[in-house]
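Report on the following structure.
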Amino acid sequence: MTQDKKVAKAVYIFADDAGAQGDITLAQTETIPAGAVVTDVYWNERTAVTVSAGTADVDVQVGSSSQKLVEGIVTTSISGLTHVFEAHAADATDAAVDPVSITTTGTIQLHNDTSSSGTLTAGVVDIWVEYFLA
């Protein structure tokens, strides 16, 4: 049996999506179905992500924080993000960890944890989530 790899894309654009604390619903995003097994996350920071003051604790998730894919502290770019499982970015290294199984259908979102001191104030980031259907 052959399984085709699928890719869902989202784009964070500060001018459209803002950067307040809490869930940031992206205007440009695709849905990942329940049962998907996420194997990789890629991102490209087209315009630097900036923070109002201090830092922002930002996650990439599918639908809710219980389906977190990437997490990290942002100050002047997203290069500080780390991976909940194996993922790639221009400056990231591979990590040998398990894929994430999606239990509830959802869209790709950002989440700025309310415990962080800053809000996002600029930036454009392309995000791709690679997955197989179980």
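The numbering used here puts the sequence shown at residues 15 to 148.
Backbone N, C-alpha and C fix where the C-beta goes; we use that ideal spot for every residue, glycine too.
Residue range of the unbroken beta strand (DSSP E) whose run includes residue i
i: Ala22; result: 20-27
i: Gln123; result: 120-126
i: Gly36; result: 36-38
Residues that residue i bridges to, as DSSP identifies them
i: Gly86; result: Val72
i: Glu144; result: Val21, Asp54
i: Ser115; result: Val51
i: Thr61; result: Val138
i: Thr45; result: Thr121
i: Ser80; result: Paired residues: none, contrary to the question.
Counted within 10 angstroms of its Cβ, other Cβ atoms place residue i as buried (16 or more) or exposed
i: Ala110; result: For Ala110, the pLDDT reaches just 45, beneath the cut-off of 50, and the residue's location in the model is therefore unreliable, although a value from the coordinates is still provided. Burial call: exposed.
i: Ala29; result: exposed
i: Gln17; result: exposed
i: Thr43; result: buried
i: Ala50; result: buried
i: Gly132; result: buried
i: Asn58; result: exposed
i: Ala70; result: buried
i: Val21; result: exposed
i: Gly36; result: exposed
i: Gly120; result: buried
i: Gly68; result: exposed
Integer-rounded CB distance, given that residue j should sit under 8 Å from residue i
i: Ile116; j: Ala24; result: With 8 Å as the limit, Ile116 and Ala24 do not qualify as a contact, their Cβ atoms being about 14 Å apart.
i: Ala136; j: Thr64; result: 4 Å
i: Val52; j: Val84; result: So it is not a contact: roughly 10 Å between Cβ atoms.
i: His125; j: Ile27; result: Not a contact, Cβ separation roughly 17 Å.
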